[in-house]
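Below is one structure, written out as structure tokens; comments come after it.
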Amino acid sequence: HDREAHGTPLGMAVWLSWRRLRDALRRALPWLGATSAIAVALGIARHWARRRSHKEGELPIFQRPKEVLLGDLWFAEGPRWRQGKLYFSDFGPQEVIAVDWQTRQRHTIARVPDAEDGVRGPSGLGWRPDGLLLVSEMRARRLLAFIPGTMDREPVMAVELADVAPGFCNDMVVDSSGAAYVGNFGFDLAEVEGKSPEEYHHLLKPTCLTRVDGEGNATEVTPKELIFPNGVVITPDGQTLLVAETFGQRISAYRRAPDGSLSERRTWADLDHCWPDGLCLDASGALWIALAGRGCFVRMAEGGKLLEVIPSTEGFKAIACVFGGPDGRTLFMLEARESREESVKAAGPGNSRIVLAHVDVPGASAPDVPHYFAGYC
Numbered sequence: 001h002d003r004e005a006h007g008t009p010l011g012m013a014v015w016l017s018w019r020r021l022r023d024a025l026r027r028a029l030p031w032l033g034a035t036s037a038i039a040v041a042l043g044i045a046r047h048w049a050r051r052r053s054h055k056e057g058e059l060p061i062f063q064r065p066k067e068v069l070l071g072d073l074w075f076a077e078g079p080r081w082r083q084g085k086l087y088f089s090d091f092g093p094q095e096v097i098a099v100d101w102q103t104r105q106r107h108t109i110a111r112v113p114d115a116e117d118g119v120r121g122p123s124g125l126g127w128r129p130d131g132l133l134l135v136s137e138m139r140a141r142r143l144l145a146f147i148p149g150t151m152d153r154e155p156v157m158a159v160e161l162a163d164v165a166p167g168f169c170n171d172m173v174v175d176s177s178g179a180a181y182v183g184n185f186g187f188d189l190a191e192v193e194g195k196s197p198e199e200y201h202h203l204l205k206p207t208c209l210t211r212v213d214g215e216g217n218a219t220e221v222t223p224k225e226l227i228f229p230n231g232v233v234i235t236p237d238g239q240t241l242l243v244a245e246t247f248g249q250r251i252s253a254y255r256r257a258p259d260g261s262l263s264e265r266r267t268w269a270d271l272d273h274c275w276p277d278g279l280c281l282d283a284s285g286a287l288w289i290a291l292a293g294r295g296c297f298v299r300m301a302e303g304g305k306l307l308e309v310i311p312s313t314e315g316f317k318a319i320a321c322v323f324g325g326p327d328g329r330t331l332f333m334l335e336a337r338e339s340r341e342e343s344v345k346a347a348g349p350g351n352s353r354i355v356l357a358h359v360d361v362p363g364a365s366a367p368d369v370p371h372y373f374a375g376y377c
């Protein structure tokens with residue numbers, strides 16, 4: 001189950017077929033041992049994938065028409081849609097960039113002021129109700145607040161998170177009150193990159209989500225039980241927070257109380273030899289998830305049922321996704337050839353791109369929270 005080996009359409013088909021057949025075998029043949037069931041499922045799945053059968057009802061792979069929006073990025077992350085513009089972070093120039101939907105023109109709206117030499121600067125994005133742009137700064141482990149359009153000025157707020165974030169800060173979500181839920185790696189990612197799961201398993205350290213309120217107070221809001229929390233969204237009713245655990249290979253859900261506290265973690269979907277990165281929420285309650293090692297973006301219902309798959313561009317990994325466009329049915333997909341820091345530096349502009357496709361179900365919205373969309377504020 002090597003991550004890179006399955007980052008192709010054929011490998012993806014084998015994986016999808018294996019998941020479906022494995023579950024069917026477990027239901028139909030409870031007496032069959034786990035190892036035997038997996039072996040049988042893999043054998044049938046390989047035969048199925050060789051047939052390349054994409055008939056309706058057999059394999060949920062859809063070759064939707066795709067368009068390249070931007071193709072000259074270093075490493076794009078943290079996409080958000082707001083007021084007719086797509087926002088995202090680009091690790092190389094350490095910038096937050098906005099792209100106008102109508103004109104397709106891009107503008108730098110914020111720049112991380114003091115990032116060390118590297119390509120891990122701004123990541124997750126969000127907005128407070130007063131319009132301040134919040135940015136999680138990875139390497140320095142801070143939450144920054146900018147007045148949009150004032151990139152040459154210092155941030156108006158900088159909350160130090162080093163005491164509660166043992167690893168680089170990562171993606172985040174902002175709630176309707178302006179509080180941010182920020183994830184962190186939990187360990188040194190450089191020690192893990194390039195190793196097999198057997199080699200790096202003992203290096204993985206569980207970590208927590210940190211909540212930063214409007215006054216800048218930072219508190220651990222979950223136990224240290226998350227394995228590399230990454231993409232994170234909140235449901236339209238504000239009652240559930242969903243977080244992708246990249247190395248935990250699952251989507252976890254927390255009950256969210258009116259005061260912003262989290263409790264009662266449960267597994268929303270077991271991704272089973274899969275590494276989720278960014279995600280977004282659609283109006284039906286399903287998630288679109290970027291599967292970094294599978295070379296695809298998947299639409300999934302709670303419980304792990306696969307509803308649709310969009311392969312990433314050949315040679316590119318799936319990194320993150322978000323809804324946008326005039327009707328909320330445009331899915332922006334962020335892709336990258338390389339993800340290791342040194343490789344991104346060497347590749348430079350062109351390593352990452354943003355492509356888009358039109359899908360059937362729009363992003364989630366909340367009538368009572370007009371600045372909420374697809375899981376984000």
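In full-length UniProt numbering, the protein residues as written are 1 to 377.
Cβ atoms here follow ideal geometry from the backbone N, Cα and C, with glycine treated the same way.
Three-way DSSP call (helix, strand, coil) for residue i in this model
| i | result |
| --- | --- |
| Ala165 | coil |
| Ala320 | strand |
| Leu242 | strand |
| Leu306 | strand |
| residue 390 | Past the boundaries of the shown model lies residue 390; the chain is included only from 1 to 377, so the question cannot be answered. |
| Pro367 | coil |
| Trp275 | coil |
| Ile147 | coil |
| Gly84 | coil |
| Pro311 | strand |
| Tyr376 | strand |
| Phe332 | strand |
| Gly71 | strand |
| Ala37 | With a pLDDT of 43 at Ala37, under the threshold of 50, the modelled position of that residue is not reliable, and the figure given next carries that caveat. Ala37 falls in the helix class under three-state DSSP. |
| Ala357 | strand |
| Ser177 | coil |
| Asp130 | coil |
| Thr103 | coil |
| Ala140 | coil |
| Arg294 | coil |
Option in the options with minimal Cα separation from residue i
| i | options | result |
| --- | --- | --- |
| Asp213 | Thr246, Asp175 and Pro229 | Asp175 |
| Met333 | Leu226, Ala76 and Gln105 | Ala76 |
| residue 387 | Ile234, Leu287 and Leu242 | No statement about residue 387 is possible, as the shown extent of the chain runs from 1 to 377 and does not include it. |
| Thr235 | Arg255, Glu225 and Arg106 | Arg255 |
| Phe247 | Thr222, Val233, Pro276 and Ser123 | Pro276 |
| Ala290 | Gly71, Ser123, Arg299 and Ser284 | Arg299 |
| Pro65 | Leu307, Ala140, Gly350 and Leu331 | Leu331 |
| Arg337 | Gln63, Trp74 and Glu67 | Trp74 |
| Phe297 | Ser284, Leu271, Gly260 and Leu242 | Leu271 |
| Arg128 | Leu203, Ala257 and Gly178 | Gly178 |
| Lys205 | Asp72, Leu132, Pro166 and Glu215 | Pro166 |
| Glu305 | Ile354, Trp268 and Val322 | Rather than Glu, the amino acid found at residue 305 in this sequence is Lys. Of the candidates Ile354, Trp268 and Val322, the one whose C-alpha sits nearest the C-alpha of Lys305 is Trp268. |
| Gln239 | Asp259, Ala320 and Gly303 | Asp259 |
| Gly124 | Ile354, Ser261, Gly278 and Ala364 | Gly278 |
| Thr313 | Arg294, Glu302 and Arg329 | Arg294 |
| Asn184 | Met157, Leu133, Arg265 and Pro122 | Pro122 |
| Ser136 | Asp130, Ile147, Thr108 and Phe168 | Phe168 |
| Gln83 | Asp327, His273 and Leu356 | Asp327 |
| Arg111 | Val182, Tyr181, Val156 and Leu161 | Val156 |
| Ile354 | Ile319, Leu307, Asp360 and Ser365 | Ile319 |
| Asp360 | Gly315, Cys208, Leu307 and Gly375 | Leu307 |
| His273 | Gly186, Glu245, Leu70 and Lys85 | Glu245 |
| Ala374 | Leu144, Val232, His358 and Cys280 | Cys280 |
| Thr219 | Arg80, Tyr87, Leu242 and Leu143 | Leu143 |
Where residue i falls, given that 16 or more other Cβ within 10 Å makes a residue buried
| i | result |
| --- | --- |
| Gly324 | buried |
| Ser252 | buried |
| Glu154 | exposed |
| Lys317 | buried |
| Thr222 | buried |
| Gln249 | buried |
| Asp90 | buried |
| Pro349 | exposed |
| Val68 | exposed |
| Glu264 | exposed |
| Trp104 | Note on residue identity: the sequence assigns Arg, not Trp, to residue 104. Exposed, by the Cβ-count rule. |
| Gly186 | buried |
Limits of the unbroken alpha helix (DSSP H) element including residue i
| i | result |
| --- | --- |
| Ser343 | Glu341 to Ala347 |
Limits of the unbroken beta strand (DSSP E) element including residue i
| i | result |
| --- | --- |
| Tyr254 | Arg250 to Arg256 |
| Asn184 | Ala180 to Asn184 |
| Pro229 | Pro229 to Ile234 |
| Thr210 | Thr210 to Val212 |
| Ser263 | Leu262 to Asp270 |
| Asp100 | Glu95 to Asp100 |
| Thr222 | Run containing Thr222: none; DSSP gives neither H nor E here. |
| Glu137 | Leu133 to Glu137 |
| Pro65 | No beta strand (DSSP E) holds Pro65; DSSP gives it neither H nor E. |
| Glu160 | Met157 to Glu160 |
Cutoff 8 angstroms: residue i Cβ touching any chain D Cβ
| i | result |
| --- | --- |
| Val173 | The chain inventory of the structure shown lacks chain D, comprising one protein chain alone. |
> Pairing CB atoms from the segment 211-231 with CB atoms from the segment 354-371, are three or more of them under 8 angstroms?
Replying inline: no
>> Pairs of beta-carbons, one from the segment 336-343 and one from the segment 92-111, closer than 8 angstroms: are there three or more?
In response: no
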